[in-house]
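This report refers to the structure that appears directly beneath it.
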Amino acid sequence: MHLLSKPLLPTRDITDEKTFVDRRAFLTSIGVGLAAGASVLSPRLAAAAPAFRRWQGEEDKLTPYADVTGYNNFYEFGTGKSDPAQNAGSLHPHPWKIEIAGDVKKPGIVDLDEFLRPFQPVERVYRHRCVEGWSMVIPWSGIPLRDIIARIEPGTKAKFVEFTTLHDPKQMPGQNRSVLPWPYVEALRMDEAMNLLTLFVTGVYGKPLPNQNGAPVRLCAPWKYGFKGGKSIVRIRFVEAQPHTTWNIAAPEEYGFYANVNPTVDHPRWTQAREHRAGEFFKRKTLMFNGYAEQVASMYTGLDLRANF
Ligand code: MTE
0 MHLLSKPLLP
10 TRDITDEKTF
20 VDRRAFLTSI
30 GVGLAAGASV
40 LSPRLAAAAP
50 AFRRWQGEED
60 KLTPYADVTG
70 YNNFYEFGTG
80 KSDPAQNAGS
90 LHPHPWKIEI
100 AGDVKKPGIV
110 DLDEFLRPFQ
120 PVERVYRHRC
130 VEGWSMVIPW
140 SGIPLRDIIA
150 RIEPGTKAKF
160 VEFTTLHDPK
170 QMPGQNRSVL
180 PWPYVEALRM
190 DEAMNLLTLF
200 VTGVYGKPLP
210 NQNGAPVRLC
220 APWKYGFKGG
230 KSIVRIRFVE
240 AQPHTTWNIA
250 APEEYGFYAN
260 VNPTVDHPRW
270 TQAREHRAGE
280 FFKRKTLMFN
290 GYAEQVASMY
300 TGLDLRANF
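For the sequence shown, numbering that gives the first Met the number 0 begins at 0 and goes up steadily by one.
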């Protein structure tokens, strides 16, 4: 079996935060799109540049790398925000195996690097809104999940996709405590998984995904609260019935299956109307679907978003 030592990244070089921001700011300021960008960037990066411009609102400043990687939720390494950065060194994300299961053409266990090799990575800057009320703006890199699903070829019974995190208390010492039912499980409806925005994330700021952010691969559906983004995924399962997901099992009145960012539906214990963006003093208004209504609202036509929160 051939193993890559480096996780999949959209660029061949590893970019530091300042270079990353300067390069994108420069491209954006001069209005560089794909054609012009191609002359100064590698073809793989140039292909990603329009995606970067497209998903970052004018008002959204990138959250510094130190905050993105230093203030996390990853209960497998502790419940404090700095616990994951401090404790996630015990996770070994390379090599990594993922099980493809359920109603698919070829179920089985694959090596992640081998599995991802044919795909073209993209960079996407997304707003990231935690159900607890904090938010960030994060430049992810990864593979559109729809491309991965197309390759997996699910069958007609597949109505939902379930994502399961590694369960290994030796690597994830927080699993020795029953703060949540382990392993951590999240799931999306098939159309949500196939949405243009949904990303199978392998990197952040042009660097490999740090352990605390869900190495080697995590999910990102940016119109949903952060908890839908399961980390360190070891199984992708295609199923007919709506899966039981971790936070919904732990506290069903507080955390629904859908978890769409919706400022009009409060969490039972606090408002969701406003959020605290990392690095900002004043709270800002939370946007419907986290600002991605244009891309996702049509998926929920006819669905009562108060009952299906
Ligand atoms: N995935 C696993 N396996 N374990 C977790 O505790 N926390 C979720 C989600 N994915 C979590 C997880 C929650 S509540 C949030 S808000 C996001 O990860 C946080 O992602 P970040 O730390 O990269 O900001």
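By construction, the Cβ of each residue, glycine as well, lies at the ideal position given by its N, Cα and C atoms.
Legend entry - Per-residue DSSP class, three states only, for residue 310: Summary: the structure shown does not reach residue 310, with the chain confined to residues 0 through 308, and so no result is reported for it.
Inset, instruction - Give me the Cα-Cα distance between residue 81 and residue 155, rounded to the nearest whole angstrom. - result: 43 Å
Inset, instruction - Within the same chain, show all residues whose beta-carbon is closer than 7 Å to that of residue 296, passing over the 5 residues directly before and after it, in chain order. - result: 288
Inset, instruction - Go through its chain and collect everything with a Cβ distance to residue 72's Cβ below 6 Å, but skip five positions before and after it. - result: none
Inset, instruction - Determine the extent of the alpha helix (DSSP H) in which residue 115 is found, giving its start and end residues. - result: 111-115
Legend entry - Rounded Cβ spacing between residue 114 and residue 97 (contact assumed at less than 8 Å): 7 Å
Inset, instruction - Mind reading off the beta-carbon distance from residue 215 to residue 201? Whole number of angstroms is fine, and I expect it under 8 Å. - result: 7 Å
Inset, instruction - May I ask you to verify whether the stretch 298-308 touches the stretch 246-266, counting CB pairs closer than 8 Å and requiring at least 3? - result: yes
Inset, instruction - Can you tell me which of 228, 207, 206, 187 puts its alpha carbon nearest to the alpha carbon of residue 164? - result: 228
Legend entry - Those residues which DSSP pairs with residue 232 across a bridge: 164
Legend entry - Pairwise C-alpha distance: residue 92 and residue 233: 10 Å
Legend entry - Check: residue 282 C-beta below 7 Å from any heavy atom of the ligand MTE: no
Legend entry - Neighbourhood of residue 157 by C-beta, 8 Å cutoff - its chain only, sequence neighbours within 5 removed: 101, 102, 103, 189, 237, 238, 239
Inset, instruction - State yes or no: is the C-beta of residue 275 within less than 8 Å of the C-beta of residue 284? - result: no
Inset, instruction - Quick one: residues in its chain with C-beta nearer than 7 Å to the C-beta of residue 125, no 5 flanking neighbours on either side, listed in chain order? - result: 54, 137, 139, 219, 221
Inset, instruction - Please classify residue 87: is it buried, with 16 or more other beta-carbons within 10 angstroms of its beta-carbon, or exposed? - result: buried
Inset, instruction - Taking only the alpha-carbon atoms, compute the straight-line gap between residue 161 and residue 184 and give it to the nearest angstrom. - result: 7 Å
Inset, instruction - Find out if the Cβ-Cβ distance for the pair residue 131, residue 298 is shorter than 8 Å. - result: no
Inset, instruction - State the DSSP-derived secondary structure class of residue 181, mapped to helix, strand or coil. - result: coil
Legend entry - Host alpha helix (DSSP H) of residue 128 (start-end): Looking at the DSSP string, residue 128 is not in any alpha helix (DSSP H); the run it does join, the beta strand (DSSP E), is 121-128.
Inset, instruction - Would you kindly check if the distance between the Cβ of residue 142 and the Cβ of residue 199 is under 8 Å? - result: yes
Inset, instruction - Go ahead and label residue 153 buried or exposed: buried means 16 or more other beta carbons lie within 10 angstroms of its beta carbon, across all protein chains shown. - result: buried
Inset, instruction - Identify whether residue 74 lies in helix, strand or coil by the three-state DSSP scheme. - result: helix
Inset, instruction - Using three-state DSSP, classify residue 201 as helix, strand or coil. - result: strand
Legend entry - Endpoints, beta strand (DSSP E) assigned at residue 305: Taken as a continuous stretch (DSSP letters only), residue 305 belongs to no beta strand (DSSP E), as it is neither H nor E.
Legend entry - Beta-carbon proximity list for residue 62, same chain, < 7 Å, skipping 5 on both sides: 135, 136, 137, 277, 278
Inset, instruction - Run the proximity test for residue 127: is its beta-carbon closer than 7 Å to any non-hydrogen atom belonging to the ligand MTE? - result: yes
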